[in-house]
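Participant: I'd like to ask some things about the structure below.
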Amino acid sequence: MARLRTIAALAGYPEGTADTVGPRLRVFVGDGNGAGGAGTPMVLDGLTVAEWARDGGGLAVWISQPDLAEEALVGALTATGFNPRRAGRFSAVAPDERSLRARLPEGAAVEPGLPGEWWVDGAEGADHPWLDPDLRAPERHLGRRLQRKGKMIATAESCTGGGVAERLTAVPGSSAYVDRGWVTYTNAAKREQLGVGEDLLAAHGAVSDPVARAMATGALAGSRAQLAVSVTGIAGPSGGSPEKPVGTVWIGVAAGDGEAEARHQVLSGPRGAVRWRTVNAAIAFALDRVEA
């Protein structure tokens, strides 16, 4: 509910708790039945994701597709005249806040949402693939850019256990741009399914720049995609070392028009937060390469 409350606050509603976003806005998530036909349908990509109805002086929204809850609420608010979209406002994904701020105009306000996601205000004129003026979730933003470029993506994951692929395919219509994915949790799986060399694994370890690159290259070669993203890391709570502490992640990206590259992150938080941040960092890096 944290992200929904933040959207409501951006639109001018005070924040609330539990299943109430604010005193004039009630949001019900995940009951599967919407308002039972009593409200106005909210349709995204041909799928009814919510219904909304005026509730006295306020608004009630029944969200029947929790994976698209944010988009449903933005749409419902817009339909009733409380449009949270405005010049200089973005949703943003980034590996960390420092990287995000480096891409924003001076004076832009940054409000954290879910781990690895932010709301940005006062960033008029900003133009970077991590920023979305339509306030979509990161996976939906990446999907739109892939569709626009006519590209497909493949994934190769270790520490996230398929989390990148799950997030991408949660979006209706994602078969237009998601080709396939691998969960290669062991070194043997990396060798057998992605062609990662034993010499790389022995010399550098599974959590390393060369292995992240090799995973992305193997995914690209074994798919019909034009872009591949790989993830290898230590999500915790154990498994770290002084050289590679818990939260150490390498993300690789390979595209048909250039060599693979890998980027290093050390992410904070418990296991679940590290995994979520890692997925968002992978989406951010993929966004960098979509337009290439």
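Each number in our numbering corresponds to the 1-based position in the sequence shown with 1273 added. Glycine included, every Cβ here is placed at the ideal spot set by N, Cα and C.
Quick one: measure Cβ to Cβ for valine 1547 and glycine 1513, integer angstroms, because I've assumed they're closer than 8 Å.
Facilitator: Valine 1547 to glycine 1513, Cβ: 11 Å. No contact.
Participant: DSSP state of alanine 1291, grouped into three classes?
Facilitator: With a pLDDT of only 42 at alanine 1291, under the threshold of 50, the placement of this residue in the model should not be trusted, and no figure is reported.
Participant: Would DSSP call asparagine 1315 helix, strand or coil?
Facilitator: Correcting the residue type first, residue 1315 is methionine in the shown sequence and not asparagine. Methionine 1315: strand per DSSP, three-state reduction.
Participant: Using C-beta distances below 7 Å, list every residue in its chain close to valine 1347, excluding the 5 sequence neighbours before and after it, in chain order.
Facilitator: Ile1280, Pro1357 and Leu1408
Participant: Per DSSP, threonine 1428 forms a beta bridge with which residues?
Facilitator: Gly1454 and Val1502
Participant: Buried or exposed: which applies to leucine 1277, given that a residue is buried once 16 or more other Cβ atoms fall within 10 Å of its Cβ?
Facilitator: buried
Participant: So, with DSSP's three-state summary, where would you put tryptophan 1325?
Facilitator: strand
Participant: Exposed or buried, which one is glycine 1506 when buried takes at least 16 other CB atoms within 10 Å?
Facilitator: buried
Participant: Please name the residue in Glu1324, Gly1330 and Asp1328 whose C-alpha comes closest to that of serine 1337.
Facilitator: Glu1324
Participant: Specify the secondary structure class of serine 1448 as computed by DSSP and reduced to three states.
Facilitator: helix
Participant: Taking the CB atoms as reference points, tell me whether valine 1522 and glutamate 1534 lie closer together than 7 Å.
Facilitator: no
Participant: Please report the Cβ distance between valine 1504 and valine 1437, rounded to the nearest whole angstrom; I am assuming they are in contact, meaning their Cβ atoms lie under 8 Å.
Facilitator: 6 Å
Participant: What is the DSSP secondary structure of serine 1364, reduced to helix, strand or coil?
Facilitator: In this structure, DSSP gives serine 1364 an extended state, which the three-state scheme calls strand.
Participant: In the DSSP assignment, what residue or residues form a beta bridge with arginine 1374?
Facilitator: Answer is none; arginine 1374 lacks a bridge partner.
Participant: On a CA-only basis, which of Gly1329, Gly1531, Ala1342 and Ala1476 is nearest alanine 1410? Give me that one, please.
Facilitator: Ala1342
Participant: Looking at C-alpha atoms only, which residue of Arg1562, Pro1543 and Thr1551 is the closest neighbour of alanine 1367?
Facilitator: Thr1551
Participant: At which residues does the alpha helix (DSSP H) containing tryptophan 1549 begin and terminate?
Facilitator: 1544 to 1563
Participant: Would you kindly check if the distance between the Cβ of phenylalanine 1363 and the Cβ of aspartate 1405 is under 7 Å?
Facilitator: yes
Participant: For the region 1488 to 1503 and the region 1421 to 1428, state whether three or more C-beta atom pairs, one from each stretch, are separated by less than 8 Å.
Facilitator: yes
Participant: Provide the residue span of the alpha helix (DSSP H) that contains threonine 1459, from first to last.
Facilitator: No alpha helix (DSSP H) holds threonine 1459; DSSP gives it neither H nor E.
Participant: Distance check for glycine 1454 and alanine 1489, CA to CA, integer angstroms please.
Facilitator: Cα to Cα, the separation comes out at about 11 Å.
Participant: So the candidates are Phe1355, Arg1486 and Leu1373; which of them puts its Cα closest to the Cα of alanine 1557?
Facilitator: Of the listed residues, the one whose Cα sits closest to alanine 1557 is Leu1373.
Participant: Please report the straight-line C-alpha distance between aspartate 1382 and alanine 1443, rounded to a whole angstrom.
Facilitator: A quick correction: the sequence has alanine, not aspartate, at residue 1382. Going from the Cα of alanine 1382 to the Cα of alanine 1443 covers about 30 Å.
Participant: What do you reckon, are the CB atoms on leucine 1317 and glutamate 1344 nearer than 7 Å?
Facilitator: In this structure, leucine 1317 sits near glutamate 1344, with a CB-CB distance shorter than 7 Å.
Participant: Classify serine 1447 as buried or exposed, calling it buried when 16 or more other Cβ atoms lie within 10 Å of its own Cβ.
Facilitator: buried
Participant: In its own chain, which residues sit with a C-beta less than 6 Å from the C-beta of arginine 1418, not counting the 5 before and 5 after it?
Facilitator: Val1563
Participant: Between glycine 1354 and tryptophan 1335, which are expected to be in contact by the criterion C-beta below 8 Å, what is the C-beta distance as a whole number of angstroms?
Facilitator: So it is not a contact: roughly 19 Å between Cβ atoms.
Participant: If contacts are defined as beta-carbon pairs under 8 Å, then alanine 1479 and asparagine 1460 qualify, I think. What distance do you get, rounded to the angstrom?
Facilitator: 6 Å
Participant: Do you know whose CA, among Lys1517, Val1539 and Leu1350, lies nearest methionine 1315's CA?
Facilitator: Leu1350
Participant: Alpha carbons only, please: which of Gly1380, Leu1332, Ala1487 and Ala1528 is nearest the one belonging to serine 1431?
Facilitator: Checked all of Gly1380, Leu1332, Ala1487 and Ala1528; the closest Cα to serine 1431 is Ala1487.
Participant: In angstroms with no decimal places, state the Cα-to-Cα distance between leucine 1540 and aspartate 1452.
Facilitator: Cα to Cα, leucine 1540 sits roughly 28 Å from aspartate 1452.
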